[in-house]
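Engineer:
In structure tokens, the structure reads:
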């Protein structure tokens, strides 16, 4: 977060943002489930200009063995931004930011996965950001949640996530790159829509209590919308599988 250059106005006098959205409007979101054959579960997400793929492997034996928990599974997440995902080429490999985001996504997912069903195992979640344009941690978590469901991992529910921020003194939903770079606050939130339970919340910058209340209202509404997109991705995935099974049955009868 830094001061806005004098020639950039993030929100005009009509309350319209630099990309044409209203303050409480999300960027277009598209999710596809089951995109990788070799993974136990997977999802591909496009959110605005963000492009993210998530893959899940497991539950499988946890290595190294000293990390095994005899009472439950551990959820290990690896979040990575590809070197070509940003305009200024990123140095390949993990950095402090990706390690931190990996940890908070792991903790968020552990809150919803029934880990006690799989003692001594590891559920491995890989998130690769192919193209980045602000909000990649919430995009990664949203995709990872769908990938876990696609893998058949028992969970309390899907976990939608969204970032709310502050730009030009106004609370805005789903920050874009310019708002993320030049705005004065960023608040990523993940929650379980059915219960309202918050499983991730971070604050970068400053908001008043009144602004936080507005941000939570925007986030709650947006998470319900994201939740429907997540469920639709899984419905379409299972509909395709059911259709393939029906075709196989009919071909057997003809033979």
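Residue numbers (the numbering used here): 194 to 448. Quick reminder that beta carbons are idealized off the backbone N, C-alpha and C, glycines included.
So the candidates are 240, 324, 264; which of them puts its Cα closest to the Cα of residue 275?
Structural biologist: Here residue 275 refers to the residue found at position 82 when the chain shown is read from its first residue. Minimum Cα distance to residue 275 is reached at 324.
Engineer: Find the nearest neighbour of residue 412 within the set 364, 429, 375, 377, judged by alpha-carbon distance.
Structural biologist: For this step, residue 412 is matched to residue 219 along the chain shown. Ranking the options by Cα distance to residue 412, first place goes to 364.
Engineer: Short of 7 Å in beta carbon distance, which residues of its chain neighbour residue 291, apart from the five on each side in sequence? Order them along the chain.
Structural biologist: Taking the chain shown and counting its residues from 1, one reaches residue 291 at position 98. Excluding sequence neighbours, residue 291 sits near 272, 273, 274.
Engineer: Among 239, 221, 249, which one has its Cα closest to the Cα of residue 230?
Structural biologist: Along the chain shown, one-based indexing puts residue 230 at 37. That would be 249, whose Cα lies nearest to the Cα of residue 230.
Engineer: With a threshold of 7 Å, establish whether the CB of residue 394 neighbours any heavy atom of the ligand SAM.
Structural biologist: Ligands in the displayed structure: none, and consequently the ligand SAM is not present.
Engineer: Can you give the Cα-Cα distance for residue 266 and residue 213, rounded to whole angstroms?
Structural biologist: Walking along the chain shown from the start, residue 266 turns up at place 73. Walking along the chain shown from the start, residue 213 turns up at place 20. Residue 266 and residue 213: Cα-Cα distance of roughly 45 Å.
Engineer: Helix, strand or coil for residue 276 per DSSP?
Structural biologist: Stepping through the chain shown from its first residue, residue 276 is reached at position 83. Correct three-state label for residue 276: coil.
Engineer: Taking all protein chains shown into account, do 16 or more other C-beta atoms lie within 10 angstroms of the C-beta of residue 382, making it buried, or fewer, making it exposed?
Structural biologist: As a first step, residue 382 must be located in the chain shown, where it is residue number 189. Label assigned to residue 382: buried.
Engineer: Work out the CA separation of residue 269 and residue 308 for me, nearest whole Å.
Structural biologist: If you number the chain shown from 1, residue 308 lands on position 115. If you number the chain shown from 1, residue 269 lands on position 76. When rounded, the distance between both Cα atoms is 12 Å.
Engineer: Suppose the cutoff is 7 Å on Cβ atoms and the five residues either side in sequence are ignored; what does the same chain contact list for residue 241 look like?
Structural biologist: The count along the chain shown starts at 1 and reaches residue 241 at position 48. Cβ within range, chain order: 220, 221, 326, 369.
Engineer: Quick one: residues in its chain with C-beta nearer than 6 Å to the C-beta of residue 239, no 5 flanking neighbours on either side, listed in chain order?
Structural biologist: Numbered from its first residue, the chain shown carries residue 239 at position 46. Once the five neighbours on either side are set aside, the close Cβ partners of residue 239 are 223.
Engineer: Given a threshold of 16 other Cβ atoms within 10 Å of its Cβ, counted over all protein chains shown, does residue 419 qualify as buried or as exposed?
Structural biologist: Against the chain shown, residue 419 aligns to sequence position 226. The residue is buried, with at least 16 neighbouring Cβ atoms inside 10 Å.
Engineer: Distance check for residue 330 and residue 174, CA to CA, integer angstroms please.
Structural biologist: This structure cannot speak to residue 174, because the chain is shown only from 194 to 448.
Engineer: Could you tell me whether the segment 340-354 touches the segment 300-314, where touching means 3 or more Cβ pairs closer than 8 Å?
Structural biologist: These segments touch.
Engineer: If contacts are defined as beta-carbon pairs under 8 Å, then residue 247 and residue 319 qualify, I think. What distance do you get, rounded to the angstrom?
Structural biologist: Counted from its first residue, the chain shown places residue 247 at position 54. Counted from its first residue, the chain shown places residue 319 at position 126. Confirmed, about 7 Å.
Engineer: Compute the Euclidean distance between the alpha carbons of residue 340 and residue 305, then round it to the nearest angstrom.
Structural biologist: As a first step, residue 340 must be located in the chain shown, where it is residue number 147. As a first step, residue 305 must be located in the chain shown, where it is residue number 112. Rounded to the nearest angstrom, the two C-alpha atoms are 13 Å apart.
Engineer: Whole beta strand (DSSP E) runs in the segment 305-377 with 3 or more residues, listed along the chain?
Structural biologist: Entirely contained in the segment 305-377, the beta strand (DSSP E) runs reaching 3 residues are, in chain order, 314-324, 354-360, 363-366.
Engineer: Determine the closest residue to residue 297 out of 278, 261, 334, with distance taken between C-alpha atoms.
Structural biologist: Position 104 of the chain shown holds residue 297. It is 334 whose Cα lies nearest to the Cα of residue 297.
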